Amino acid sequence: MNLSYEYIEELDHPAIWKRSKPNDEGGCIAHNCGFSASNKTLRFTGQHRLPKRSCNRDIVGKPSKGLEKGKPMSAGTFTCLKQNGYSFFIARAWESIGNYDETGIQNMKNARAAGWEYVDAYIFPCLRSTCASPAAQVEATVNRLNAEGAKFGMIWLDIEIFAWPNDINYNRNFINAMGNQLNAMGVNWGIYTNNNNWGSIVGISWNQWASRPLWWANYNGHQDYTNFVPFGGWSKPSIHQYAGDYKGPCGVDLDLNWY
Numbered sequence: 005m006n007l008s009y010e011y012i013e014e015l016d017h018p019a020i021w022k023r024s025k026p027n028d029e030g031g032c033i034a035h036n037c038g039f040s041a042s043n044k045t046l047r048f049t050g051q052h053r054l055p056k057r058s059c060n061r062d063i064v065g066k067p068s069k070g071l072e073k074g075k076p077m078s079a080g081t082f083t084c085l086k087q088n089g090y091s092f093f094i095a096r097a098w099e100s101i102g103n104y105d106e107t108g109i110q111n112m113k114n115a116r117a118a119g120w121e122y123v124d125a126y127i128f129p130c131l132r133s134t135c136a137s138p139a140a141q142v143e144a145t146v147n148r149l150n151a152e153g154a155k156f157g158m159i160w161l162d163i164e165i166f167a168w169p170n171d172i173n174y175n176r177n178f179i180n181a182m183g184n185q186l187n188a189m190g191v192n193w194g195i196y197t198n199n200n201n202w203g204s205i206v207g208i209s210w211n212q213w214a215s216r217p218l219w220w221a222n223y224n225g226h227q228d229y230t231n232f233v234p235f236g237g238w239s240k241p242s243i244h245q246y247a248g249d250y251k252g253p254c255g256v257d258l259d260l261n262w263y
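Each residue of the sequence shown is one higher than the one before, counting from 5 in our numbering.
Here it is as structure tokens:
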């Protein structure tokens, strides 16, 4: 996944999170936009826990576009990554062409087979006129994951400039339908986007889903929330993807994230 300062390409790669180094208050383990921590300073949001920001926050995320595009990852690869301190994985489960990503789903199962506790999935919506309805895409994805035994903690909606029409109201209704379906199915979920994408697709001030975790993409190189301008009702993100092309172990390239 290659991101410029304010543009996101399709997230067609899994995401892998590295265990944070422990600090005086105990170690933290990244758990997408919710986290699990070994210390006792936790607040809960659905199935996910958020440690206080006193934890060491340098973590790594999505493999870069190119090396990992559509690439199956074996249980052995996940075992290798786990041995190197990585503990969380996000895979694409639904593609923009309107079908399941079976490679991503199998990768989720391989991660579980290697003993990974924290595994999530994301949906890249299909926006063509021939696509299923947004609610049906969500329902199909969740049902497929359950049917294949691909256990997940959270679903992410990938909201970025791709094939969205210029009709803001249509786009809002589309996202509402996805979010409402996830809620109806009892799924914990969040949104991956940034200011430019959100503003272009639904309008910068639209705040319907401000209660959901925000995973903010901005490659400014800062391990903080520098340059974050509130949008969509979010006063700050839950996590910041700040750099890419980190050469990780086991032949996997990673982007860097901070919380």
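Every residue gets a Cβ at the ideal spot worked out from N, C-alpha and C, and that includes glycine. This structure is a prediction, so every number in the text was calculated from the model and none was measured.
Identify which residue in the options has its Cα closest to the Cα of residue i.
{"i": "Asp124", "options": "Met158, Lys113 and Glu99", "result": "Met158"}
{"i": "Ala214", "options": "Gly225, Ala95, Thr197 and Gly102", "result": "Thr197"}
{"i": "Asn114", "options": "Gly248, Phe92, Glu99 and Trp262", "result": "Phe92"}
{"i": "Gly311", "options": "Phe156, Arg176, Asn170 and Glu121", "result": "Outside the displayed span of the chain (5 to 263) sits residue 311, for which this structure offers no information."}
{"i": "Asn175", "options": "Met189, Tyr126, Glu152 and Asn201", "result": "Asn201"}
{"i": "Ala140", "options": "Ala188, Glu152 and Ile165", "result": "Ala188"}
{"i": "Pro129", "options": "Phe166, Trp120, Ala151 and Glu152", "result": "Phe166"}
{"i": "Ser242", "options": "Arg216, Ile205 and Met77", "result": "Arg216"}
{"i": "Asn170", "options": "Asn199, Ile205 and Ala144", "result": "Ile205"}
{"i": "Gln110", "options": "Glu152, Tyr126 and Ala144", "result": "Glu152"}
With a CB to CB cut of under 7 Å and the five nearest residues on each side skipped, what residues in its chain are close to residue i?
{"i": "Cys84", "result": "Pro253 and Cys254"}
{"i": "Asn211", "result": "Gly236 and Gly237"}
{"i": "Lys240", "result": "Tyr229 and Phe232"}
{"i": "Gly225", "result": "Tyr246 and Ala247"}
{"i": "Phe82", "result": "Asn114, Ala115, Ala118 and Trp120"}
Output yes or no for whether 9 Å exceeds the beta carbon distance between residue i and residue j.
{"i": "Leu149", "j": "Ala97", "result": "yes"}
{"i": "Gly207", "j": "Ile163", "result": "no"}
{"i": "Trp168", "j": "Ile195", "result": "no"}
{"i": "Val142", "j": "Gln185", "result": "yes"}
{"i": "Trp238", "j": "Trp220", "result": "yes"}
{"i": "Leu218", "j": "Gly203", "result": "no"}
{"i": "Val146", "j": "Val191", "result": "yes"}
Near residue i, what residues of its chain come up, given a Cβ to Cβ distance below 6 Å and the 5 sequence neighbours on each side ignored?
{"i": "Pro138", "result": "Phe178, Ala181 and Met182"}
{"i": "Met112", "result": "Ala95, Val123 and Ala154"}
{"i": "Ala79", "result": "Asn114, Ala117 and Ala118"}
{"i": "Cys135", "result": "Gly102"}
{"i": "Asp105", "result": "Arg96, Ala97 and Glu99"}
{"i": "Lys75", "result": "none"}
DSSP puts residue i in a beta bridge; with which residues?
{"i": "Tyr126", "result": "Arg96 and Trp160"}
{"i": "His244", "result": "Trp220 and Trp262"}
{"i": "Tyr104", "result": "Trp98"}
{"i": "Ile195", "result": "Leu161 and Leu218"}
{"i": "Trp238", "result": "Phe235"}
Can you tell me whether residue i is helix, strand or coil according to DSSP?
{"i": "Tyr90", "result": "strand"}
{"i": "Met182", "result": "helix"}
{"i": "Lys155", "result": "coil"}
{"i": "Arg116", "result": "helix"}
{"i": "Gly80", "result": "helix"}
{"i": "Leu131", "result": "coil"}
{"i": "Pro169", "result": "coil"}
{"i": "Asn211", "result": "coil"}
{"i": "Phe39", "result": "For Phe39, the pLDDT reaches just 31, beneath the cut-off of 50, and the residue's location in the model is therefore unreliable, leaving the point undetermined."}
{"i": "Ala136", "result": "coil"}
{"i": "Gly190", "result": "coil"}
{"i": "Glu121", "result": "coil"}
{"i": "Thr230", "result": "coil"}
{"i": "Val206", "result": "helix"}
Can you find a heavy atom of the ligand HEM that lies under 8 Å from the Cβ of residue i?
{"i": "Ile101", "result": "As far as ligands go, the structure on display features none, and thus does not contain the ligand HEM."}
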